[in-house]
Amino acid sequence: MIENRPWVTFLSHAVLILGVAIIAFPIWITFVAATHDSVRMVQVPLPLLPGDQFFNNLKIALGEGIEGAGGRPAGMMLLNSLVMALSIAIGKIVISLLSAFAIVYFRFPFRMGFFWLIFITLMLPVEVRILPTFEVVANLGMLNTYAGLSIPLIASATATFMFRQVFLTIPDELLEAARIDGAGPMRFFIDILVPMSRTNIAALFVILFIYGWNQYLWPLLVTTDGDMYTVVMGIKQMLEAAEQAPEWNIIMMTTMLAMLPPVVVVVFMQKLFVKGLTETEK
Amino acid sequence: MARVTVNGVQKVYPNGFKAIHGVDIDIADGEFVVLVGPSGCGKSTLLRMVAGLERVTDGTISIDGKVINDLEPAERDIAMVFQNYALYPHMSVYNNMAYGLKIRGLSKAEIEDRVKKASAILELNEDLLIRSPRQLSGGQRQRVAMGRAIVREPSVFLFDEPLSNLDAKLRVQMRLEIKKLQERLGITSIYVTHDQVEAMTLGHRLMVLNEGRVEQLGTPIELYERPASIFVAGFIGSPAMNFMDAKVGSDSRSIDLPGGERLPLNGTGAEAGRPVTLGIRPEHLERASGQEGVAHLNVDLIEHLGADSLVHGHFGNDRTDLTVRVQGTLNMGPGDTFDFSVAPDHLHLFDPQSGARIA
């Protein structure tokens, strides 16, 4: 807006503040709940201001977990989640980079056929192929392992497609210059292509890390051993603690902890993320 | 140092398009050959075949007698400068130049030595070496691209329209530098351009290509003074040569223009009465006074270039268009007329059908 009308400024800010309040309120409640003791959390009305039990709750959530739900500490589950999310994100990026490289730079029979084959896997998310995938993972003895948690989620048509588009914008002359410089295919890939798509890799890493972190259904299926639980499914388990009122203060503290890594990733990679999705100059 | 021999080379693309119809050329050691022609004539394809970036369909290319048809570009001992420079955008200038040497496995000291030497030759100063290509101006990028070629110490330099992305002033300056550099290093060079001025100034020899065929191969002066075909005559020289239909006079010693004018001709052996296409360069037409003039030119438009002026006009009964280049400025306007003449030595006769030179 070019006009300078005070009430317009006021109104637009009011709308923005209202929007932020609506989105932030549940997070605030989570935070408040994580600072009271369990007794206070079952009394009505629920508190809206923080209490003094924050560090106590943090200690219990990280170190001990909830007694009735198997007493699994969040620290362990966070580690499991981290390993899974990192494996998925890095695995997806490596596989997609390589397959996009093959599709863009090599002439082989049925090249486009393979491309479309990869592309139609978009129509087969985990939920659709969950039974056969489980069967395969079980037969390979990968239940209750990090491999079982991450490998079935690694193939990614979206990322392959995105890297294909990135590679298509890289001028052919660079490939030719590299050939004259004596770089073989893998050298060209590692020395030229990967560094040139690093902003895209960063952007994709953010998206894929959060995707991996938020996985719920698949970890629920392939982990039966409590030591392999991820934090997202762990929270759900805490709610089902046998014959007990849920310990909301601990559950909410674990939720806070579970939200932290994705937030950290987004905050620290925000610049690269935006660059990776908008930058076109090569 | 190297001799490049191209023998009966043809290029047919998988879709059946024939880009090169058999080219032969023997390039001497240290020679600077320019491939020139309009876009799509196959000049870049030919260069890329020498570089190893395109496969040769038929014929052989050899360097110093060794056939290189099936060698990888890196094994051919060549270096290439690309039109868009093709600098690696994520590497510093230094690393851009050093990359090929690193792959070859040269020692760090040797690489540094070569890069320093090349940047001294190209007057790239130290603090430029640590910058990334996007922080450089067009001219500097061009220098880096050449530096990357020089550090390889190749036996053949290949240039693929390296100046076409620069502005006019810089282009003239870089042209001069390339010429000096080539003379100083004495490395056999093949240079592709569509700009005839670049071709004329740079090359020891020029190869004019048209639709995948060689129209003429010769020194710049040969091409200018004795173009082998209408195509070469029209392509070399600026402004372009004037062409008109004419007929050899009955005595074989004159040319009859369609408007009835008659130009004297040196004894050339062209048979009397045959139809020809007559070519006259604008700079060879002179303003004449009195008897010498062969015809009146009616001025349509004058372009003043400072040192000389281009007069566009027409003459004769059938209003044949003609461009004349006169020294200095001309105090005339549209509708004015003047007489012009041309020395018999400067008439070019071509066969109207085949376009080949007659005399």
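If you read the protein sequences in the order shown, they are chains A and B. Per this note's numbering, residue 1 is the first one in the first sequence, and the count goes up by one each step. Per this note's numbering, residue 283 is the first one in the second sequence, and the count goes up by one each step. Quick reminder that beta carbons are idealized off the backbone N, C-alpha and C, glycines included.
Minimum Cβ-Cβ distance from residue i to chain A less than 8 Å
i                      : result
residue 366 of chain B : yes
residue 353 of chain B : no
residue 356 of chain B : yes
residue 629 of chain B : no
Inter-residue Cα distance where the pair is residue i and residue j
i                      : j                      : result
residue 534 of chain B : residue 601 of chain B : 25 Å
residue 425 of chain B : residue 345 of chain B : 26 Å
residue 293 of chain B : residue 303 of chain B : 7 Å
residue 570 of chain B : residue 366 of chain B : 48 Å
residue 332 of chain B : residue 316 of chain B : 14 Å
residue 199 of chain A : residue 273 of chain A : 7 Å
residue 351 of chain B : residue 309 of chain B : 17 Å
residue 413 of chain B : residue 419 of chain B : 11 Å
residue 605 of chain B : residue 548 of chain B : 23 Å
residue 282 of chain A : residue 370 of chain B : Caution applies to residue 282 of chain A, whose pLDDT of 47 falls short of 50 and renders its modelled position unreliable; the value that the coordinates give is listed next. Cα-Cα distance, rounded: 10 Å.
residue 389 of chain B : residue 192 of chain A : 21 Å
residue 226 of chain A : residue 253 of chain A : 19 Å
residue 119 of chain A : residue 129 of chain A : 16 Å
residue 449 of chain B : residue 401 of chain B : 23 Å
residue 539 of chain B : residue 524 of chain B : 13 Å
residue 486 of chain B : residue 542 of chain B : 42 Å
residue 167 of chain A : residue 271 of chain A : 22 Å
residue 577 of chain B : residue 320 of chain B : 34 Å
Three-way DSSP call (helix, strand, coil) for residue i in this model
i                      : result
residue 328 of chain A : This structure leaves residue 328 of chain A out entirely; chain A is present only between 1 and 282.
residue 543 of chain B : coil
residue 282 of chain A : A caution first: residue 282 of chain A carries a pLDDT of 47, below 50, which makes its placement in the model unreliable, though a value can still be read off. If DSSP states are grouped into helix, strand and coil, residue 282 of chain A belongs with coil.
residue 498 of chain B : strand
residue 526 of chain B : strand
residue 557 of chain B : strand
residue 24 of chain A  : helix
residue 595 of chain B : strand
residue 565 of chain B : helix
residue 364 of chain B : coil
residue 247 of chain B : Absent from the structure is residue 247 of chain B, since the part of chain B shown begins at 283 and ends at 641.
residue 321 of chain B : coil
residue 108 of chain A : coil
residue 373 of chain B : coil
residue 141 of chain A : coil
residue 13 of chain A  : helix
residue 635 of chain B : coil
residue 381 of chain B : helix
CB contact below 8 Å: residue i versus chain B
i                      : result
residue 276 of chain A : no
residue 282 of chain A : At residue 282 of chain A the pLDDT is 47, less than 50, meaning the model places this residue with poor confidence; the figure from the coordinates comes in the next sentence. Chain B, which has a Cβ nearer than 8 Å to the Cβ of residue 282 of chain A, makes this yes.
residue 22 of chain A  : no
residue 240 of chain A : no
residue 185 of chain A : no
Contact set between residue i and chain A, taken where Cβ atoms lie within less than 9 Å
i                      : result
residue 362 of chain B : 176, 177 and 180
residue 406 of chain B : Per Cβ cutoff of 9 Å: no residues; residue 406 of chain B is ~18 Å from chain A at best.
Chain-ordered chain A contacts of residue i [CB-CB under 8 Å]
i                      : result
residue 386 of chain B : 182
Partners in chain A for residue i, counting only beta-carbon separations shorter than 7 Å
i                      : result
residue 381 of chain B : 181
residue 333 of chain B : 180
Beta-carbon neighbours of residue i, restricted to chain B and to distances below 7 Å
i                      : result
residue 247 of chain A : Chain B residues near residue 247 of chain A: none, gap ~52 Å exceeds 7 Å.
residue 192 of chain A : 370
Neighbouring residues, chain B, relative to residue i (Cβ below 8 Å)
i                      : result
residue 171 of chain A : 366 and 368
- Item | Touch test, the region 513-520 of chain B against the region 490-501 of chain B, Cβ-Cβ under 8 Å, three pairs minimum | yes
- Query: Is there contact here, the region 422-441 of chain B with the region 466-473 of chain B, by at least three beta-carbon pairs under 8 Å?
  - Reply: yes
- Task: Please determine if the region 22-31 of chain A and the region 201-218 of chain A are in contact, where contact requires at least 3 C-beta pairs separated by less than 8 Å.
- Result: no
- Item | Segment contact flag, the region 153-169 of chain A with the region 99-109 of chain A, C-beta cutoff 8 Å, min 3 pairs | yes
- Counting pairs of Cβ atoms below 8 Å between the region 588-599 of chain B and the region 627-634 of chain B, do you hit three or more? no
- Check whether the region 229-239 of chain A touches the region 176-191 of chain A, counting contact only when three or more Cβ pairs, one atom from each stretch, lie closer than 8 Å. Segments in contact, no.
- Evaluate contact between the region 604-623 of chain B and the region 552-571 of chain B, counting only Cβ atoms and requiring at least three cross-stretch pairs below 8 Å. Yes, they touch.
- Message: With three or more beta-carbon pairs closer than 8 Å as the criterion, would you say the region 201-212 of chain A touches the region 83-98 of chain A?
- Response: yes
- Query: Counting Cβ pairs closer than 8 Å, one from the region 380-394 of chain B and one from the region 335-342 of chain B, do we hit at least three?
  - Reply: Not touching, per the Cβ criterion.
- Query: Does the pairing of the region 451-459 of chain B with the region 284-301 of chain B give three or more beta-carbon distances under 8 Å?
  - Reply: no
- Query: Would you say the region 369-386 of chain B touches the region 186-195 of chain A, given that touching needs at least three Cβ pairs under 8 Å?
  - Reply: yes
- Is there contact between the region 38-58 of chain A and the region 245-263 of chain A, where contact requires at least three CB pairs shorter than 8 Å? yes
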